Structures are given as C-alpha cells and as structure tokens.
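A quick write-up on the structure given underneath.
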Amino acid sequence: MDRIDTLRTFLRVAEMRSFTRAAASLQMPRSTVSTAIRELETRLGTRLLSRTTRHVALTHDGQELYDRALRLLGELEALEGLFHQDDTQLHGRLRIEAPGRIARLIIVPALPDFFARYPGIELEIGASDRPVNLVTEGVDCAIRVGELAESSLIARPLGQLPLINCASPDYLARHGTPTTLDDLWHHQAIHYASPFGSIAEDWEYREAEESRMLSLPGRIIVDNAESYIAACLAGLGLIQVPTYDVQHHLREERLVEVLPDHRAAPMPLTILYPHRHHRSHLLRVFIAWVETLLSEEIQGLSSPLTLPS
1 MDRIDTLRTF LRVAEMRSFT RAAASLQMPR STVSTAIREL ETRLGTRLLS
51 RTTRHVALTH DGQELYDRAL RLLGELEALE GLFHQDDTQL HGRLRIEAPG
101 RIARLIIVPA LPDFFARYPG IELEIGASDR PVNLVTEGVD CAIRVGELAE
151 SSLIARPLGQ LPLINCASPD YLARHGTPTT LDDLWHHQAI HYASPFGSIA
201 EDWEYREAEE SRMLSLPGRI IVDNAESYIA ACLAGLGLIQ VPTYDVQHHL
251 REERLVEVLP DHRAAPMPLT ILYPHRHHRS HLLRVFIAWV ETLLSEEIQG
301 LSSPLTLPS
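Residues 1 to 309 (UniProt numbering) make up the sequence shown, in order.
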C-alpha cells in the first residue's frame, strides 16, 4: 500500500471509528487495514488512534494528521480531475442512499444509461427513508426529500418536488368531492407519521404564499409511502403526496386530484455528502447525472420540478 492509499485508509478508519467497518467499506481485509495504520504510526513516530475493544478515536496528533490529510487528498483529487479527458475511463464504487420510491421509480430504471456512460463505475444503492450516518456507514451521498436537520454535511439543492392532494374515485363517489377548504372537515385524511417520530403530520395548504395546517379526522396512520398510497387506492381517505409518486395512478384514473388550488408547499430535494468527498470526480459525475435525470423525469408532470438557480 503506497502512502496515498495509506492516508485514505487512515481517513476512513478515523471517520468510521472502526477498523472493521472501514475494512468493509474499503473492501479489504481488516488485517490489511490494521497493518497500514500500524506502519503509518511507526513511520510518523506517534500514536494516531486510541483503541479500545469497542471504540476508536483520534489522538491529538491523529486529529492534526486527519485535518491535513483531508485537505491534501482533496487537492489531489481536484488535480487529478483536471486531466480526466474521458469520463468513461473513471473507475471506482459509490455508495448511494435514496428514498425507496425515488430509487424504485426513477433512479434504478435509468441505470442502464448511467452504466453506458460510465462503465467503470459501480453503484451500491440503499433504498430507504431511514436517517443514515453517511460518515460512519461509509455512504458517499444520500438523496433526501423534505427539510433537513442541521449537520456538518454538504447539502446541494436539486430542486423542489411538487405535491398534490388526491383520492380514489370510489372514495369520492361515497363522500363527495371537496371543492373548498371547509369541505375537508367532512372528509377522512390518511395520516402519515414518520417511522422515526410518533406524531402524524397535519394537512397542509398554502394561502397567500404561507403554509397553513389543518388537523383533519382520519382512521388510519401509516409510516411509509407504499402504505400511504395503498390506503388511498383502497378508498380510505385523502392524501398529500409528491406528484411523481402517483402519476401513473392519475393517468390510469385510479386516483384523482382534488383541491388543485390548495396544494401543500413543494418539498425540497437535496443531495448530501461528507466534506471528504467535496472534490470526488466520481461523485461529481453521479450528481450531474442524477440532477439531470430528476429534472427530466419530474418536469414532465403537470407541476414541474423547479430547479435551483
């Protein structure tokens, strides 16, 4: 292992705080990782990591090396990127996290195009809505929908996802079609509660460019998008959902939009990645590809994706 690879290995161990997880992320034996760190400490004449049976932490000297190595390798990646004349020659693996339905409906079906453009890049895709610790889990980037909590990650806006209100024709035949906000009090809402929180979300609408909330009655609470849409298809009530999620149901008239003048505010769509990858050429080409993909897919809807300026 050369000195650059050794520094990359050291950074991964420091970030994941585990030799085992770092080895799995780098796809190399744990013994190789341990040997690389031990030889690095010997060469520098200092201890870089404090190890216990359950925890790995940076020493004072280790933190100093981490900060400098992060800058050094960032500059090296930027320098190498200047001379990439042909992106088809890029090689490496990226670990991506995306919401389940965005992954299933948009990203995965388009992957043949990505691999045709970049045959040397491998993708490992996790499709879930769970919070992911990108650093400790070795994830290169994550696509997220909705407002973000404060974090040290770099957040690149991808645009705004329009939402619509909809119901099944069967539900509307039984309960009538709401035409005003006051009509909603005579309807059932299907409530969505994040699996990471216990409070169901209120019904949202916009008035004079401000978001307002209504606590509507409802008999069912779900904690994932698949069940949310399935409950609506079953005629159990009204939902508010990103347009891309239900466009095929709308085309086939299994769902119908209601109250089009009282939609909720669009939801921000963001890609997150750690600072250590801010100059990764592999990540740059993936972000450029997925940004174009999402804009093309969602601009075809009646309420197109609004791209950031």
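Ideal Cβ positions, reconstructed from N, Cα and C, are used throughout, including at glycine.
Remember, predicted model here, so these are calculated numbers, not experimental data.
Comparing alpha carbon positions, the residue from Phe115, Ser50, Ile107 closest to Gly126 is Ile107. In the DSSP assignment, His175 falls within the alpha helix (DSSP H) that extends over 169 to 175.
Rounded to whole angstroms, the gap between the alpha carbons of Ala189 and Pro99 is 23 Å. Rounded to whole angstroms, the gap between the alpha carbons of Arg54 and Gly45 is 25 Å. Under the DSSP assignment, Glu97 falls in the beta strand (DSSP E) whose first and last residues are 92 to 98. In terms of Cβ geometry, Tyr192 and Tyr228 form a close pair [threshold 9 Å]. Taking a cut-off of 8 Å on C-beta distances, the segment 206 to 223 does not touch the segment 159 to 171, as fewer than three cross pairs fall below it.
Separation of Gly74 and Thr35 (C-alpha to C-alpha, rounded to the nearest whole angstrom) is 24 Å. With a cut-off of 8 Å on Cβ pairs, the segment 254 to 266 is not in contact with the segment 140 to 153, counting fewer than three such pairs.
With distances taken between CA atoms, Val285 lies nearest to Phe115 out of Phe10, Ala231, Phe115, Val135. Taking a C-beta distance under 9 Å as the contact criterion, Val139 and Val145 do not qualify as a contact pair. Taking the Cα positions, Leu294 is about 13 Å away from Arg101. The shortest CA-to-CA distance from Gln240 to any of Thr32, Arg43, Leu11, Met267 is the one to Met267. Within 10 angstroms of the beta-carbon of His91 lie fewer than 16 other beta-carbons, which makes it exposed.
For Ile143, the enclosing beta strand (DSSP E) has its first and last residue at 141 to 145.
In the three-state scheme derived from DSSP, where H, G and I count as helix and E and B as strand, Met28 is classed as coil. The DSSP-derived three-state label of Val256 is strand.
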